[in-house]
Amino acid sequence: MKFRCDKSELADGLGSLLGIIPTTQTSKPIFLDFHLRTSNNTLLVEATDLDMGARIRLDRVDILEEGQLALHAVRLHSLIREIPDKSLTIESFPSQRGATVKAAGFEFKLLGEDPMEFPSIPESSGDTLILASRERFSQMLRRVAVAASRDMARFQLTGVFFELDGEKLTMTATDGKRLTNDCMTVNNPSGHVSSAIVPNRVVDVLLKILSQGTEEFSFVLGDSGFQANFGRGEVLAKVIQGTYPDYRPAIADVVKVRVTAKRTDFLAAARSAALMTDKNTATVLFRFEEGRAVLMTQDSQIGESRIEIPVRIEGNPIEVRYNPTYFIDALRCLTEDEICLEFADPERPGALRGEQNYRHLVMPLVTARS
Amino acid sequence: MGIGSRLAVEHKRVLGAARLPVTLLTTIFGSFQLSLSFPCGFFKVANRLGGSLIHLPPRWFLEVFMLPCILHVDMDAFFASVEQLRNPRLRGKPVAVGSGVIASASYEARSFGLQAGMPLQRARQLCPEVRILQGHAAIYRCFSERIFVICAEYSPALEIYLDEAYCDWNGTERLYPNPEVVAAEIRRRVEEETGLTVTAGIGRNRMLAKMASKSAKPNGLRRICAEEEDNFIRGLPVSRLPGVGPRTERLFQRLNIHTIEEMRLLSRESLRAMLGVPGLILFDRCRGLDTQPVSAREVPRSIQRETSFHKATTDRETIEGTLYYLTERAANTARQLRLKARQLGVKICYQDGEEERSIRKLSEPTSLDPDLFVAAAAILRMLFTRRVALHRVGVLLAGLVTEDGLEQLSLFDDTGTSLQPNPEDALVTRRRKRRLIESLDAIRKRYGHASVVCGQSLNLLGKLEQDDHGFILRTSSLTQ
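See the structure below:
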């Protein structure tokens, strides 16, 4: 196998698949490799750990000789990134167990594994694809995924819950203390209804791939797995087998107080307030009054803070305590200039609303004694 | 440069001198345009609109005007003395505590040349009649806690170790015009109430206090006044300086430096080149300077309760019952200290000596027995997999944080699978659970722990003897 290609294109392609490579010890060393093979004058890069796999097609490559290779993923990627030259050539050893990477003044002989051992990633199934706006899908996924749990003790929450109902795609994520939810319209020719929990790792890889390129995006959501096609490649993954809790009652809530504020102001205030807390007292008191919001903290070791920002308020004044980290996370993933906060009472979740349907519920802190 | 950041730079200098958390303030400065003022010693930051205020405690203000004074209390041959106290036959005889090497030797044993860190075999050679005992950490901690309680009565802040304590008497010059009298009072009370002797040293800083007590050992009291500091420290051998161990001492000896006075001849740069950053600390220390503050550790690192079974057992009921009882005792201690745990660990020892332990992060910090036991039981199920009888079981509360009276609400119930049907009800249930446990604590405080037996510890009824203080465990779990 021998090919010549543009350095940055290859580096970007490899970089987007790095999330699949296991970071901990693995039973099969081949999972630490990228599989490179040629097919119809394109270069295919594959990575898998059997739970998920992804394939990327690189077209702007001169294939000089057909063949395949399996090379250590992290090393190959860092090496290519370091090369200053614009183009490079990769040629496999006659034995196929390694390759020579050449660029102006640089030559590496990188040892690899036997490419025949690399597990094959199935080709995309014949299921009907669901078309979605790439930009909107990736924005929605990024905003929702923030709240997904990282605690393996609640494995069914360690992912984003996709629900497809006709033309409507809903995404939900929660870790028990906050919940994000958003929906969008998709083109679903078959109109079938399905749902699946897509693991965090798959979401991370998807987000990375979606941030590059502009091709049309489509996906399939089935019981067996999740499959995403994005023009020059695809991601296939197993989904989490479990029952996602019924979150809807938490969302369908009465709104008694609505607060509108400038996002950047609110973020700066929340950040400053968070600086005055530590793990012992991760609490900020939010007081929403006529025309202003006051953020207050108190810690015997650090000191006190009181931060005021102008807001518009509809409804009666309200006092709520929150962990500031959750609020900062929520504010950070929004892009709107103005945000809206909705409350029912200090012991029910507060909702942060962006444009469209995005909502970010945060559970408050309450006094333990009545 | 914006006015905000210019202020930040300008005041970094001022604040640095005032020993305020500089990084914290500069970060806040970055986000606002500010004005600064110092009304009545408080530090205040306000933004353009005068709306945003940050008050910081005037700690630096106090430090400027206080007279420095530290008391160091050191227990004399602590472990050995406790053993002699527990067994009168050992009094006046050479006693050493430790396994493998000596951890503590009585003064009688020291006269034979025995000292801490010496291998036991060597100790037997030097003094064939020495009684060597295994340590009882739990009992020693019990004694030291009693001594610290006495010290705490006289000190605004206390930094404690197993057999020594630093009392921060900074700013108490009006309360204790003559600190020696108070130190003598502490020593008298310790001897009266525990039967142990302690040595006390008073100095301008921690280092001097410790050196003073060391020079007065055993059963003595010494104060180093500001005037005599220099004379006192000058003639001492370098090894007496805290931070100079055997290796550093050899290094100095090779340079023909034996006393602290000779050490003072070394320049800052040469000490740094010899020893790195610790060299800079020694440069100050050999001049009698020590800036390390006495820091009271308000929150213990962990609370641990463990016990052996009277007879090794495979009976799940007994094991779970004991684990519940230990969890209850640990949680009770945590609640008394107004703490809650973020992590919970379980340890088991099989009869054949094999040991398993695991620690897990709790989903929410808590100090309530039922919540803690759910986690403990889950860990026990995971650990106890061999078909061998258990000899010992223990529970550990770690990652302790202060109880702030606030609780993070959760969207889901305890299992994390279904939504709280009604958050208000869930909150009421939780508050009732807390009230129930607080009531139990109140009853037990008055009538003894055994007055109420609950949860899985009911399994122990009829299997274990009880007195007012609870079940009689083979190994006392009350201090460890």
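Those protein sequences? They're chains L and A, same order as listed. Per this note's numbering: the first sequence = residues 2 to 371. Per this note's numbering: the second sequence = residues 1238 to 1717. For each residue, glycine too, the CB sits at the ideal point set by N, CA and C.
Using a C-beta cutoff of 8 Å, does L:Val62 count as contacting chain A?
no
Which residues in chain L have a C-beta closer than 8 Å to the C-beta of A:Ser1647? List them in chain order.
Gly177, Lys178 and Met364
Take L:Gly243 and list the residues in its own chain whose beta-carbon comes closer than 7 Å to its own, dropping the five residues that flank it on each side.
These residues qualify, in order along the chain: Phe156, Gln157 and Ile198.
Pairing CB atoms from the segment 1581–1592 of chain A with CB atoms from the segment 1618–1638 of chain A, are three or more of them under 8 Å?
yes
Under a three-way DSSP split, which group does L:Asn201 fall into?
Collapsing the DSSP output to three states places L:Asn201 in a helix.
Does the Cβ of A:Ala1612 have 16 or more other Cβ atoms within 10 Å, making it buried, or fewer, making it exposed?
buried
I need the DSSP call for A:Ser1318, collapsed to helix, strand or coil.
helix
Let me make sure I understand the geometry here. Which of L:Leu180, L:Asp279, L:Gln302 and L:Ser306 has the alpha-carbon closest to that of L:Phe287?
L:Ser306
Of all the residues that make up the segment 318–329 of chain L, which are near chain A by a beta-carbon distance shorter than 8 Å?
Arg322 and Asn324
Using the Cα positions of A:Met1500 and A:Ala1446, report the straight-line distance between them to the nearest angstrom.
Their Cα atoms are separated by approximately 20 Å.
Using a Cβ-Cβ distance under 8 Å, would L:Pro200 count as near chain A?
no
List the endpoints of the continuous beta strand (DSSP E) containing L:Phe289.
Val285 to Glu290
Tell me the rounded alpha-carbon separation between A:Lys1598 and A:Leu1637.
11 Å
For the segment 222–239 of chain L against the segment 289–308 of chain L, do three or more pairs of beta-carbon atoms, one drawn from each stretch, fall closer than 8 Å, so that the two count as touching?
no
Given this structure, state the Cα-to-Cα distance separating A:Pro1305 from A:Trp1406, to the nearest angstrom.
The straight-line gap from Cα to Cα measures roughly 7 Å.
Thinking C-beta only, is L:Phe220 closer than 8 Å to L:Leu130?
The answer is yes: Cβ separation under 8 Å.
Considering only C-alpha positions, which residue in the set A:Ala1394, A:Val1338 and A:Glu1410 is nearest to A:Gln1371?
A:Val1338
Kindly indicate which three-state DSSP category A:Asn1415 falls into: helix, strand or coil?
Note: A:Asn1415 maps to coil in three-state DSSP.
Pairing CB atoms from the segment 1537–1555 of chain A with CB atoms from the segment 1563–1579 of chain A, are three or more of them under 8 Å?
yes
What beta strand (DSSP E) runs, 3 residues minimum, are completely inside the segment 1580–1606 of chain A?
Taken in chain order, the complete beta strand (DSSP E) segments of 3 or more residues contained in the segment 1580–1606 of chain A are 1592–1603.
Which word fits L:Met53, buried or exposed, when buried means at least 16 other C-beta atoms lie within 10 angstroms of its C-beta?
buried
Spatial neighbours of L:Thr278 within its chain, please: C-beta separation below 8 Å, excluding the five flanking residues on both sides.
Thr284, Val285, Thr298, Asp300, Ile303 and Pro325
Going by C-alpha distance, which of L:Ala251, L:Arg333, L:Phe328 and L:Ile340 is nearest L:Ile314?
L:Ile340
Please state whether DSSP places A:Asp1552 in a helix, a strand or coil.
coil
Between A:Val1638 and chain L, is the shortest Cβ-Cβ distance under 8 Å, so that the two count as touching?
yes
Roughly how many angstroms lie between the CA atoms of A:Phe1315 and A:Glu1422, to the nearest whole one?
For A:Phe1315 and A:Glu1422, the distance between alpha carbons rounds to 20 Å.
Would A:Arg1671 pass as an interface residue toward chain L - the criterion being a Cβ-Cβ separation below 8 Å?
yes
With a threshold of 7 Å on Cβ separation, who are the neighbours of L:Leu207 within its own chain once the five nearest residues in sequence on each side are excluded?
Leu142, Ala229 and Val236
I'd like the span of the beta strand (DSSP E) that includes A:Lys1330, first residue to last.
Unbroken run through A:Lys1330: none, as it is neither H nor E.
Output the distance between the C-alpha atoms of L:Glu168 and L:Cys184, rounded to the nearest integer angstrom.
Taking C-alpha positions only, L:Glu168 is separated from L:Cys184 by approximately 10 Å.
Should the segment 1429–1436 of chain A be called in touch with the segment 1315–1326 of chain A, which here means at least 3 C-beta pairs below 8 Å?
yes
Compute the distance between the beta-carbons of L:Ala148 and L:Gly160, then report whether it is under 8 Å.
no
So if DSSP puts A:Leu1701 in a beta bridge, which residue, or which two residues, is it bridged to?
A:Leu1701 pairs with A:Leu1698.
Among the candidates L:Leu70, L:Ala71 and L:Arg38, whose CA atom is the shortest distance from the CA of L:Asp60?
L:Arg38
Give the range of the beta strand (DSSP E) segment to which A:Cys1404 is assigned.
Glu1401 to Asp1405
Are the C-beta of A:Arg1618 and some C-beta of chain L separated by less than 8 Å?
With 8 Å as the cut-off, A:Arg1618 does not count as an interface residue toward chain L.
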